[in-house]
Structures are given as structure tokens and as C-alpha cells.
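In our numbering, the protein residues as written are 349 to 716. Cβ coordinates follow ideal geometry from the N, Cα and C atoms, glycine included.
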């Protein structure tokens, strides 16, 4: 085995979310389990990455794959037509019941507890709704279900309040899509990251684009030109005034950012939970009707925080601190699946790709 994994160095494992694209990480981790590979002392996951961490620590090969393939694709979990026409949000509560002790695919708490002895920790990243900062909670505790709901609770799609420790919580991806900073804060110098976007020569591929104030305003203006056609196409033309109101608030927020960060650019990744423009505008158009956030500045703050966080994470991954040994495990290509509404054959393809990449990684470190 590679000397790094033999000389007593503490390694952390960081697992990105990405919704259904997390099935790639499921493939990598299932290959690790198949080969009995686990040199880690700290495990941190965000959103779908937290569920992948949980199944890995519980030594349940195939559970994450099963959950994504058979439950997140179920109409009960999310149906875009019902969301638009009937205001039916994501049923995250139903999906997570499947991993309860009496559920269809229960998590093995006993095994996880044994694995986490001797100072190991498995954490999920959640975002505080008030300050939009990242916080980290143990996955295998009495409040584990609320913790998983919080880390996976996409604000635009999941409307139930998630409250514990006298605070409200939302999707961990808002504040730490890939929580490498927390690993470093905890003193870990050896960090393994499983991500869902490809990299070439250490740089993220053009699946991510530079995000600037002017570019967002250009997107906004382009959408407004085609707004009437768009709203007629999806059958919610009467909500046009809500969308115009949203755009005005967005412009105000962007002007604030201009004043505070005149030369700042952010990395905007198309595979994130905001999905593409078409899906984004479908969602925000409905907020005045069905979401607790409405068209408020609160939702805009969440979106901006998400983008700013992504930029900080990419900076860390591209230029890690001098004292950090950073290893990234990433797909060789853009994944075929999407954050939501993926085809099952695409999910299966990305899972198998994850297994292949995981096998290759183990070979590269001399484990097999």
C-alpha cells in the first residue's frame, strides 16, 4: 500500500453531494467497501454525500446506490409536474423513512457505532438558516434523522422547517458544498475528496463557468426577453408579475455585491442543486405561491451564499494550503445523471463509472 496510508497519518474523507449525481460517490465507496479500504479517522458529507458517508461507515455496500436508484426516482419523492401544477414539494421525509430501523433499507447503527470507536467521527454539514454558515453534526446520534433532513433539505424544493438546538437548518450545500475547510480546521493535513465533477490537470472542467455580476444580469435580461413565451409554455403566465418582482430583487442584490466585491468572480457550477436556468426559473416563479421563502431577500441571500461558497471551495481545491496533502477522486467525464429527474440508465452508468474510478484509485495507492 502507498506509504501515506501506512505511516500513521490521519486521513479525512470528504464526500460531495450533488443530488442524484451522488450515485457516482456511491460507486466509489462501494468499491472501497468491497476491498475493505478505510484508512480514515474523519468522515464529512454534505447533502447526498452525508448519506453516502453513513452507508460507508455502516459498511452497507449497495445501500446508497439502492436509495438513489429506487427511491429518489420515485414519483412520491419528487414529480416536477406535480410540483408545478399541484404545489407538491419534495417528499424527503418519505424517502428517509426507508433507512429507519423498520424501513425498507435500514441503516446499521450497531456496525457504525463500532466503526466510530477510538476517536473516529462521521459528520454531516448543515447550514444555519439565520447566518447561512456551515455547522457540523454527528450522523449517528439520536437526532440523526433530523440531521440528514437538514443536510439534504434543498430550500426551493423542501418546505418543512427543520429545527434542533433552537435553530432552523437548511441544505448543507448552501454553505459548504465540499467541506474541505472544516477538515482543515480540525487539523487534518491528509484529505481525500470524492467529488461529482471532473477535473483536468487539477482544474475543474468547463462544466463550471465564471460567475460575475454582469453575467448574471445578462442571463436575467435574456430570460425577460423570452418571459412571455416561457410562462405560456409551462402554463403559469399569471405568475409573470411575481417573476418580475424576483428579478428586481435580484438586481438590487447584485448591485449590493457590486459595491462590496467589485472585482469578484465566482465559480457557478451547472450541476449544483439550482440545476439549469430552465429549472431554476420554474422553481422561483412558484415561490410566491408554495414556498415559505416567497420571493424574499432571504432566498436571494441563500443563492448568493451558495455561489460564494462554491468559489471558496474551488480555491481550496485548486490551491490547497502548503501543509495539506489533498487527493481528489473525480469522474473522468461529465456525469450523465442530473441532480434530480435522472433516467435510471444514466444513474446506473454513473454508479459503474464510480466503481471503476474507485478501483483505479485503490490500484494507484498500491492497495490492490
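Selection 467, 374, 695 evaluated against residue 398 yields 374 as nearest (Cα-Cα). Residues 369, 371, 372, 375, 679, 683, 684, 685 of the same chain have their beta carbon placed closer than 8 Å to that of residue 698, with the five preceding and five following residues left out of the count. According to the DSSP secondary-structure assignment, residue 360 is paired through a beta bridge with 390, 539. When the Cα atoms are used, residue 702 and residue 540 turn out to be separated by approximately 15 Å.
Sorting 464, 530, 496 by C-alpha distance to the C-alpha of residue 661 places 530 at the top. Between residue 363 and residue 405, the CB-CB gap reaches or exceeds 8 Å.
CA-CA distance, residue 668 to residue 393, rounds to 19 Å.
With respect to the C-alpha of residue 708, the residue from 380, 526, 521 having the closest C-alpha is 380. In this structure, the beta-carbon distance from residue 657 to residue 447 does not fall below 8 Å. With distances taken between CA atoms, residue 715 lies nearest to 386 out of 378, 386, 365. Of the other Cβ atoms in all chains shown, 16 or more fall within 10 Å of the Cβ of residue 492; this residue is therefore buried. Taken through DSSP and simplified to helix, strand or coil, residue 484 comes out as strand.
When the Cα atoms are used, residue 712 and residue 378 turn out to be separated by approximately 17 Å. For residue 514, no beta strand (DSSP E) run applies, since DSSP gives it neither H nor E. For residue 469, there is no enclosing alpha helix (DSSP H); the enclosing beta strand (DSSP E) has its first and last residue at 469-476. In chain order, 541, 543, 547, 665 place their CB closer than 7 Å to the CB of residue 676, counting only its own chain and leaving out the 5 sequence neighbours on each side. For the options 395, 689, 681, 705, the alpha carbon positioned closest to that of residue 497 is the one of 395.
By the neighbour-count criterion, in which a residue is buried when 16 or more other Cβ atoms sit within 10 angstroms of its Cβ, residue 545 is buried. Membership of residue 427 in any beta strand (DSSP E) is not indicated, and neither H nor E is assigned to it by DSSP.
Under the DSSP assignment, residue 414 falls in the alpha helix (DSSP H) whose first and last residues are 411-414.
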